[in-house]
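Per the numbering used here, the sequence shown starts with residue 57, numbered consecutively.
So the structure is just underneath, and the comments pick up after that.
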Amino acid sequence: MFELFSLTNPASSFRVPLRWLGALVHYKKPHQPGKLLIGSVRDPHAALYGTDQSAFWYSSSPAFRVPHGDEPLFRAYFTEVAALADRRVV
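Here it is, written out as structure tokens:
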């Protein structure tokens with residue numbers, strides 16, 4: 057189970073089984089920070105991390121931006137989560 061919660065707004069918490077978890081750092085512009093998307097995917101065989109935005113059934117975006125240099129940290133974390141759930145990353 058993966059849970060994303062907010063200390064300032066507990067009603068905006070998101071909880072999803074790892075089988076349906078999807079995560080992506082989406083960059084609109086090459087030299088600007090990206091937006092972290094976390095949600096549930098339509099197909100449990102989709103990649104857990106790095107999947108296409110269209111694969112999401114639902115997504116939420118925490119209120120922070122991810123600089124390009126920090127993306128490998130998110131990739132490493134979600135790669136470990138994917139291994140626990142027997143899922144892949146892109």
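Don't be surprised by glycine CBs; every beta carbon is placed ideally from N, CA and C.
Based on Cα-Cα distance, which residue from Leu129, Pro73, Ala138 and Ser116 lies nearest to Ser62? On the sequence shown, position 6 is the one that residue 62 refers to. Shortest Cα-Cα distance from Ser62 to any of Leu129, Pro73, Ala138 and Ser116 involves Ser116.
Could you tell me which of Ala111, Leu93 and Ala103 sits nearest to Glu136, measuring between CA atoms? Numbered from its first residue, the sequence shown carries residue 136 at position 80. Ranked by Cα distance from Glu136, the options Ala111, Leu93 and Ala103 are led by Ala103.
Residue range of the unbroken alpha helix (DSSP H) whose run includes Ala180: Only positions 57 to 146 of the chain appear in this structure, which leaves residue 180 out of reach.
Where does Tyr105 land, buried or exposed, given buried means 16+ other C-beta within 10 angstroms? As a working mapping, residue 105 is identified with position 49 in the sequence shown. Of the other Cβ atoms in all chains shown, 16 or more fall within 10 Å of the Cβ of Tyr105; this residue is therefore buried.
Looking only at its own chain, which residues have a Cβ that is under 8 Å from the Cβ of Met57, when we skip the five neighbours before and after it? Looking up residue 57 in the sequence shown gives position 1. Around Met57: Arg71, Val72, Pro73 and Leu74.
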